[in-house]
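**Student:** Attaching a single structure in structure tokens format; questions to follow.
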Amino acid sequence: MVETEGQLLEAIRNGERAALRRLYERYADYAMAIGLRYIPERDEVRDVLQDSFVKILTSIHQFRYHGEGSLKAWVSRIVSHRAVDYLREHQRFVLVSGIPDEADDTAPDDFPVGTSEAMPEGVPPDVLIEMIGRLPANYRTVLNLFVFEGRSHREIAQLMDIKESTSASLFFRAKRMLARMIKEYLNEQE
14 MVETEGQLLE AIRNGERAAL RRLYERYADY AMAIGLRYIP ERDEVRDVLQ
64 DSFVKILTSI HQFRYHGEGS LKAWVSRIVS HRAVDYLREH QRFVLVSGIP
114 DEADDTAPDD FPVGTSEAMP EGVPPDVLIE MIGRLPANYR TVLNLFVFEG
164 RSHREIAQLM DIKESTSASL FFRAKRMLAR MIKEYLNEQE
């Protein structure tokens, strides 16, 4: 029988030490995938995951369970916040101001905008992830927070300590740069 999140949390709260290990094993790969969306270097992501799981394990007793999936969402939020903190601490963000004036005519119609389910046609997921990894850190961070986590530009601005307009500008530029990479990839495949 597969252990539910509720059962796992109950075991943790009852002091079952093996349950902490099960929590880690259940979400480690998922957390790594999230970390790699923000930081393409695996060794650096491992540092972020170590910090993330320390935070998860030390604050698990304060976590409020809201049904199946809420624990996974909480883990995701902690990992993404730790990844953003890591990038900010290591000054990986490129400064940009304002929203570009030109229209976005380079993005394909099926470019993912605000949903993790939309994928550019003809581009395998692993290739798309590699492309996202080549974006500058702040572009990649805003793209991940907006597209994959469904955050608003207001929330992103607060998290990254930037202006809302800067978040929108970074998203625009990330989307445009990614669209160019997709176009080049598709042209190479023809």
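Taking the numbering used here, the leading residue of the sequence shown gets 14, the next gets one more, and so forth.
The C-beta atom is built at its ideal place from N, Cα and C for all residues, glycine as well.
Values in this document were obtained by computation on a predicted structure and should not be read as measured data.
(1) With a CB to CB cut of under 8 Å and the five nearest residues on each side skipped, what residues in its chain are close to D60?
(2) How is the alpha helix (DSSP H) around L62 delimited, first residue to last?
(3) What three-state label does DSSP hand R95 in the structure shown?
(4) What residues in its chain sit with their C-beta under 7 Å from that of E11, if we drop five residues either side in the sequence?
(5) State the start and end residues of the unbroken alpha helix (DSSP H) segment that holds L36.
(6) What does a CB cutoff of less than 7 Å around I73 pick up in its chain, not counting 5 residues either side in sequence?
(7) Among V92, R50, Y152 and G80, which one has its Cα closest to the Cα of F66?
(8) K196: which of H94, G135, V155 and G19 sits nearest, CA to CA?
(9) Work out the CA separation of L62 and G48 for me, nearest whole Å.
(10) Quick check on P133: buried or exposed, where buried means 16 or more other Cβ atoms within 10 Å of its Cβ?
**Tutor:** This is what the structure holds:
(1) In the sequence shown, residue 60 corresponds to position 47, counting from 1. Around D60: Y99.
(2) The sequence position of residue 62 within the sequence shown is 49, counting from 1. According to the DSSP assignment, L62 belongs to the alpha helix (DSSP H) that extends over R55 to S72.
(3) As a working mapping, residue 95 is identified with position 82 in the sequence shown. Collapsing the DSSP output to three states places R95 in a helix.
(4) The structure shown does not extend to residue 11, since the chain is modelled only from 14 to 203, so the question has no answer here.
(5) One-based indexing of the sequence shown puts residue 36 at position 23. Element bounds for L36: R30 to Y51.
(6) Numbered from 1 along the sequence shown, position 60 holds the residue referred to as residue 73. For I73, same chain residues with a beta-carbon under 7 Å away, outside a window of 5 residues either side, are I25 in chain order.
(7) As a position in the sequence shown, residue 66 is number 53, starting the count at 1. Ranking V92, R50, Y152 and G80 by CA distance to the CA of F66 puts V92 first.
(8) By 1-based counting over the sequence shown, the position of residue 196 is 183. Nearest C-alpha to K196: G135.
(9) By one-based count along the sequence shown, residue 48 stands at place 35. By one-based count along the sequence shown, residue 62 stands at place 49. Going by C-alpha positions, G48 is about 7 Å away from L62.
(10) On the sequence shown, position 120 is the one that residue 133 refers to. The residue is buried, with at least 16 neighbouring Cβ atoms inside 10 Å.
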